[in-house]
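If you're matching them up, the sequences are chains E and Y in order.
Heads up: the first sequence begins at 228 in the numbering used here, then just goes up one per residue.
Heads up: the second sequence begins at 12 in the numbering used here, then just goes up one per residue.
These notes concern the structure reproduced below.
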Amino acid sequence: MPLTFIDIERRKNWRIALFFLLLLLMYFAVTAVLASSFYFGPPSASPRFWIFAAGTALIIAGAHFWSSAVGAVGAVIRTLNAQPPDPRDDVHKTLMNVMQEIHVVTGNRRKIQCRVVPSLSMNALAAADLKGDAVIAITEGLLSRLTRPQLEAVMAHEAHHVLSGDCLEATVAASLFGTFSAIVEKLGHTTRGRAFSSPAFLLAWVMLKLSNLLNLFISREREYRADAAAVRMTRNPIALAETLHLLSRSWRGAGFIGSGFEMLCIVNPLATALDETEGFWADLLSTHPPIRRRMNVLLAMARVSVSELDTKAARREKAKHAGTPSEKAAETKFFAMSPQQQWQGPFTAAELAGLPWLSPLTWITGGDGQAVDRAWKEPPVNAIFAARLAEKEKTLSNFICPSCRQSLVIESYKGTQIYLCRFCAGALVESVKIPRILARNDQPAADRVKALTRTALKENQARFAEHKLKRGHKSSLPLLPCPRCKNPLFRGFYSLAYMIEIDRCGFCGLTWFDRDELEMLQYMVENRLAGETAAAR
Amino acid sequence: MAGWIVLAAVGVLLFWMIMIYNGLVSLRNDVQSSWKQIDVQLKRRHDLIPNLVSTVKGMMEFEQDTLEKVVSARAKAVSAANPQSKAEAENVLTQALGRLFAVMENYPALKSNQNVMHLQEELTSTENRISFARQLYNDLVANYLTRIQIFPNNLISSLLGFRREEYFTAEEAARAVPGVNLSLRGK
């Protein structure tokens, strides 16, 4: 380790003091300008004026610093709506385990919380504040697409930011000056460009431009250092390089992760040209180094090149797509002997599962009718029994299906728990879990779902257009009651882009999907089958 | 006058020696506590194995000897008395577990079983923690050894009896460097 902890503490305290001075200076300048308009005569003449301006600036800057820098981790968590990981969710459980592993490899020097951001974007960030809290947040989108070694690499990278202390100064900077960009964004939205006439906006805008200077202090080098430390911890440079490669081609959360938090993230959410260039000015002004260069450094450690990584990723992608049709072609048909001692068939494995008299001891013959054997010896058929066994363990929940009034069954779907109705096949999902489910697209959709999705999308678009024409047209279907609070569920589209009709409860945060709607929504999001009306509008 | 100078020199020397001594002591304590961390993680692994074995036993009829090996390796590791035999028994256990995981891949019924999946995740995590704890230990030992061997420190450390600490060596099977082994050259 090149630096002792005392060195790091000293250096970061110096930087944070500098931030405070900068803030003070900005407020001083602004107060002086504002106050001078109320003073007659040359303001420089009276010392009282300067004392007044300095005092006001000190008070405002102090309050600002205190309110934003001390509880910054809480603010970051609230802004991103980051949730603690759910221990009953498989993927989240892995995340918690990986976090524990990172604690082991760093020798438990510091307790770091971990959080999950319910968003389909792909990014991870670390924050630490003056109270001593530290948090690593990762989006559902990234979490669900990483393999275990890759997740370890990302968490190790973020943990190094926290442990080395550079995360603290970045968080303080982001929360001090992020306020301005939030104000500018909000006002810019509500007033639609007329905002420049308002003095508050002008003030915030000036502050924002001044605070851009801050990037001067946030060095690009720290990302290289964190990458190197992640490799030292996990001994796996390729996993991190693969992650960066994945991130470079994905939505990193531009527009979702608020501006001001960019410097906390593993890659800049806004893919800017400045970040991807090298040279003196880019080094000075940008907070993130070019991804390509980061990957080159990492791959040099493992002695492979970027193009090799590219071809591997392409091959994996191809294998994923090629896998599905060949599987279908290879789907074997089975003949089974009924209790009346008659051969029946041919059945596919799915149809076989529907036979009430099928047992592990049923005689069965696979594919081309060669060998006759007990059903449990055929692995695809044996899987049916395993599934049946697993089904018996299902437990009933306290919720009642809103349409058929039967108890909902707790079911594991894509690694998380949802409530399923055994009769109408509808699904009740907590709204926070929807991004999680949508992000996990490991199984391809069935053909039936694909066809249904296209039809439903077309139909819903037509209905939406009709609805817009006849204002106030009411649907004749009655609203369903919420399974928890019994208030009527609000019926609407998931979003104007993904037009799947769902029923939501605004009070309990529950969403009801009718049969196949969850799969349809997933298929739409995966393939970006958005409604045209939303785009044309 | 000269007496004062000598006294000051002795004082500075003494202060410097105390500083070095304190630094070495804290490094040695770090090394020892990280050694204990490895033990904690090994204990965790021992606790998880009976659960896993009893869960998969019914579904893996043809692999009884693989399971037997895991169980007996665990028993040996738990009862091992001295560190040397303990390290050997743990290495055998690691290999037996690796074989079990490889065999489990062949059983789709196991892969669809929630309990097995959870146990497997826990064990994977524990294996990682063990290797991370060893890695931390080795890093700290390297740091400590450097500190007691570099020039002025080595006088003090040999004088005050700072012993060498031993590195934790990996089992033969795990010697391959993971980074290079994962090469993307279509292997």
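Positions of the beta carbon are idealized from the N, C-alpha and C atoms, including for glycine.
Note that the structure is predicted; figures quoted are calculated from it, not measured.
Interface annotation, Glu328(E): in contact with chain Y, CB-CB separation under 8 Å.
In this structure, the beta-carbon distance from Gly653(E) to Arg742(E) falls below 8 Å. Fewer than three pairs of CB atoms, one per stretch, sit closer than 8 Å, so the region 673-690 of chain E makes no contact with the region 374-382 of chain E. The beta carbon of Ala602(E) is closer than 6 Å to those of Pro587, Thr589, Ile591 and Val608 in its chain, skipping five residues each way along the sequence. Here Asn495(E) is buried. Its C-beta has 16 or more other C-beta atoms within 10 Å. Listed by position along chain E, the residues whose Cβ is nearer than 8 Å to that of Ala153(Y) form an empty set, because the closest Cβ is around 11 Å away. Per DSSP, reduced to three states, the secondary structure at Cys394(E) is helical. Counted as a single uninterrupted DSSP element, the alpha helix (DSSP H) harbouring Pro94(Y) occupies residues Pro94 to Met115.
Look at the beta carbons and you see the region 297-315 of chain E touching the region 339-348 of chain E: at least three pairs across the two are nearer than 8 Å.
In terms of beta-carbon proximity, Ala100(Y) stays away from the interface with chain E, with every pair separated by 8 Å or more. Residues of the same chain with a CB within less than 8 Å of the CB of Leu679(E), apart from the 5 flanking positions on each side, are Asp743 and Met747 in chain order.
Pairing Leu357(E) with Ala401(E), the inter-Cα distance amounts to about 13 Å. Annotation for Val531(E): no beta strand (DSSP E) segment contains it, and DSSP assigns it neither H nor E. Here Trp584(E) carries a coil assignment [DSSP, helix/strand/coil]. In terms of Cβ geometry, Leu108(Y) and Val331(E) do not form a close pair [threshold 8 Å]. The way I'd put it, the region 123-132 of chain Y doesn't touch the region 75-88 of chain Y; fewer than three beta-carbon pairs between them come closer than 8 Å. The closest CA to that of Val82(Y), considering only Lys68(Y), Ser44(Y) and Asn93(Y), is found on Lys68(Y).
Any Cβ of chain Y closer than 8 Å to the Cβ of Val344(E) would place that residue at the interface, and such an atom is absent. Going by C-alpha positions, Phe255(E) is about 27 Å away from Glu489(E). Contact fails between the region 658-669 of chain E and the region 682-693 of chain E, because fewer than three Cβ pairs, one in each stretch, are under 8 Å apart. Taken through DSSP and simplified to helix, strand or coil, Asn62(Y) comes out as helix. By the neighbour-count criterion, in which a residue is buried when 16 or more other Cβ atoms sit within 10 angstroms of its Cβ, Lys320(E) is buried.
By the Cβ neighbour-count rule, Trp584(E) is exposed, with fewer than 16 other Cβ atoms within 10 Å of its own. Taking a cut-off of 8 Å for Cβ pairs, the region 386-400 of chain E and the region 447-454 of chain E touch, as three or more such pairs fall below it.
Just so you know, the alpha carbons of Gly301(E) and Arg681(E) end up roughly 43 Å apart. With respect to the 8 Å criterion, Met326(E) and Pro314(E) are not classified as neighbours on the basis of their beta carbons.
Beta-bridge partners of Met564(E) (DSSP): Trp570(E). Arg158(Y) and Asn164(Y) have their C-alpha atoms spaced approximately 7 Å apart. Taking 8 Å as the upper bound on Cβ-Cβ separation, chain Y lies near residues Arg375 and Glu379 of the region 373-406 of chain E. Between the region 29-44 of chain Y and the region 129-138 of chain Y, the count of C-beta pairs closer than 8 Å stays below three; the two stretches do not touch.
Taken through DSSP and simplified to helix, strand or coil, Trp590(E) comes out as strand. In this structure, Ala290(E) lies away from Thr258(E), with their beta-carbon atoms at least 8 Å apart. Within the DSSP secondary-structure output, Ile363(E) pairs in a beta bridge with Cys341(E) and Ala353(E). Look at Ser371(E): its C-beta is not under 8 Å from any C-beta on chain Y.
Any Cβ of chain E closer than 8 Å to the Cβ of Glu132(Y) would place that residue at the interface, and such an atom is present.
Within the DSSP bridge table, the entry for Asp730(E) names Arg718(E) and Trp739(E) as partners.
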